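Just below is one structure, and these are the notes that go with it.
Protein chains: 2
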Amino acid sequence: MTLPLPGSQVRGSITGKPIMALLDLLGRTWALGIIWNLHSGPATFRELQQRCEKISPTLLNTRLKELKTLQLIESQEAGYQLSPQGVDLYEVISPLGAWSSQWAQALKEERK
Amino acid sequence: MTLPLPGSQVRGSITGKPIMALLDLLGRTWALGIIWNLHSGPATFRELQQRCEKISPTLLNTRLKELKTLQLIESQEAGYQLSPQGVDLYEVISPLGAWSSQWAQALKEERK
DNA sequence: CTTAATGCTACAATATTTGTAGCAAAGTTA
DNA sequence: TAACTTTGCTACAAATATTGTAGCATTAAG
Numbered sequence: 001m002t003l004p005l006p007g008s009q010v011r012g013s014i015t016g017k018p019i020m021a022l023l024d025l026l027g028r029t030w031a032l033g034i035i036w037n038l039h040s041g042p043a044t045f046r047e048l049q050q051r052c053e054k055i056s057p058t059l060l061n062t063r064l065k066e067l068k069t070l071q072l073i074e075s076q077e078a079g080y081q082l083s084p085q086g087v088d089l090y091e092v093i094s095p096l097g098a099w100s101s102q103w104a105q106a107l108k109e110e111r112k
Numbered sequence: 001m002t003l004p005l006p007g008s009q010v011r012g013s014i015t016g017k018p019i020m021a022l023l024d025l026l027g028r029t030w031a032l033g034i035i036w037n038l039h040s041g042p043a044t045f046r047e048l049q050q051r052c053e054k055i056s057p058t059l060l061n062t063r064l065k066e067l068k069t070l071q072l073i074e075s076q077e078a079g080y081q082l083s084p085q086g087v088d089l090y091e092v093i094s095p096l097g098a099w100s101s102q103w104a105q106a107l108k109e110e111r112k
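Going down the list, the sequences are from chains A and B. Per our numbering, residue 1 is the first one in the first sequence, and the count goes up by one each step. Per our numbering, residue 1 is the first one in the second sequence, and the count goes up by one each step.
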């Protein structure tokens, strides 16, 4: 899969608008999950693999490379961690946690 | 793919935590894109297809069904539109628009 | 009647993801 | 220093997901 670099064509879009690149990136399996799981602190490869419950090493590595190139994560001695940009992105999406709970609740009510 | 219903096991997670269901859902190709493109108003099937630039009808229909079941969108006479929950979710993710611009900018600077 | 647009479905081709195995390098322990 | 362990990751084939094109049934004009 080609890297969704803002400014160039990305999967599913020919305009190359930054939002399209971002939606392409975040729409890839596990991309959101990795960012989500990394926000609780740096992790080594195997540690991150466990936080993600069920990701295959192949894909984890692929995603890590992409996220690194796009500057959302970086690798230090402590392992992989969110870059300043990554932290910033996490802050944007962090309300999803609370939102998902109320969503789950609503769906549950509904099914009564 | 099985529907990521909060409370039950979802792709990539065995815990069934709402956030995992949500991350699974949003991590599917085009799910975020559909929500994003629907926020500007209701759209018919073919119209939505065009807003999404390059989605195949097969997948569009699959995603629409999922999003409908999970109550993020609904279909009315005007076509498909975000449900109240969907609007709410959109509001959570809408800062991604601005974020993506500054991200694109930062990447550009970087490559100088 | 025709013709045109719409909401899809069929289905084969292509691309992505998983899962298991395992290897090389870097510690640890004895 | 000679085993072990652990870690970061690659190989690769099987399983799944996505695309793309064609086209069909319905409804709506003309």
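Yeah, the Cβ is synthetic: ideal placement off N, Cα and C, and Gly gets one too. As the structure is a prediction and not an experimental result, all values here were calculated from the model.
Per the coordinates, the alpha-carbon of B/Arg46 lies some 37 angstroms from the alpha-carbon of A/Thr58. Contacts with chain B at 9 angstroms (Cβ-Cβ) do not include A/Pro42. Residue nearest to A/Leu72 within the set B/Ile93, B/Leu5 and B/Ala104 is B/Ala104 (criterion: CA-CA distance). By the CB criterion at 9 angstroms, A/Leu82 and A/Ile35 fall inside the cutoff. In the three-state reduction of the DSSP assignment, A/Ile73 falls in the strand class. Annotated as distal: B/Glu53 and A/Met1, with beta-carbon spacing of 9 angstroms or more. Contact between B/Leu26 and A/Leu32 is confirmed by a C-beta separation of about 6 angstroms, below the 8 angstroms threshold. Unbroken alpha helix (DSSP H) runs of no fewer than 4 residues, entirely contained in the stretch 80-108 of chain B, are found at 84-93, following chain order.
Taking 9 angstroms as the cut-off between beta carbons, the residues of the stretch 53-73 of chain B near chain A are Glu53, Lys54, Ile55, Leu70, Gln71 and Leu72, in sequence order. The beta carbon of B/Gly16 is closer than 8 angstroms to those of Pro6, Gly7, Ser8, Gln9 and Val10 in its chain, skipping five residues each way along the sequence.
Taken in chain order, the unbroken stretches of alpha helix (DSSP H) that lie wholly in the stretch 10-40 of chain B and span 4 residues or more are 18-26 and 31-38. Residue pairing by DSSP places B/Ala43 opposite B/Tyr80 in a beta bridge. As the crow flies, the alpha-carbon of B/Glu109 is around 10 angstroms from that of B/Gln102. By the neighbour-count definition (other C-beta atoms within 10 Å, threshold 16), A/Pro84 is an exposed residue. Neighbourhood of B/Pro18 in chain A, by CB distance below 7 angstroms: Ser100, Ser101, Trp103 and Ala104, in chain order. Judged by beta-carbon spacing, A/Leu48 lies within the 9 angstroms limit of A/Gly79, meaning their Cβ atoms are closer than that value.
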